[in-house]
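Written out below as structure tokens is the structure these notes cover.
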Amino acid sequence: MTLRDEAWSSLLEQTVMTPKFKLTDLPFKESERHTVRRCLRQAEEFGWLERTSEHSAIWRAGPKAKMLLNLSEEKLRLADE
Numbered sequence: 001m002t003l004r005d006e007a008w009s010s011l012l013e014q015t016v017m018t019p020k021f022k023l024t025d026l027p028f029k030e031s032e033r034h035t036v037r038r039c040l041r042q043a044e045e046f047g048w049l050e051r052t053s054e055h056s057a058i059w060r061a062g063p064k065a066k067m068l069l070n071l072s073e074e075k076l077r078l079a080d081e
């Protein structure tokens with residue numbers, strides 16, 4: 001499995017566990033974070049994640065995640081806080 005595959009898998013799993021998270025919450029080394037950041041931005045482009053601003057460090061469940069990942073009402077509320 002490539003690092004990008006692992007990053008996508010981790011970011012989707014993290015979104016289900018805690019629909020609001022930071023890059024440092026994901027299980028990657030500092031040397032891998034550039035690739036993980038690219039995956040986070042790509043997930044944002046596809047609607048899986050969103051941020052309140054372009055420079056925000058907090059990633060939230062996006063419209064596609066909210067629709068397809070079967071998040072609980074509480075997790076949906078937390079993502080929107």
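Using full-length UniProt numbering, the first residue of the sequence shown is number 1, and each one after it goes up by one.
Yeah, the Cβ is synthetic: ideal placement off N, Cα and C, and Gly gets one too.
Per DSSP, the unbroken beta strand (DSSP E) holding K22 starts and ends at K20 to K22.
Between the segment 29-39 and the segment 60-77, the count of Cβ pairs shorter than 8 angstroms is below three; the stretches do not touch. Closest in alpha carbon position to A57, among P63, E45, R41 and W48, is R41. Within a 10 Å sphere around the beta-carbon of T15 sit 16 or more other beta-carbons, which makes this residue buried. The bridge partners DSSP lists for R60 are K20 and E50.
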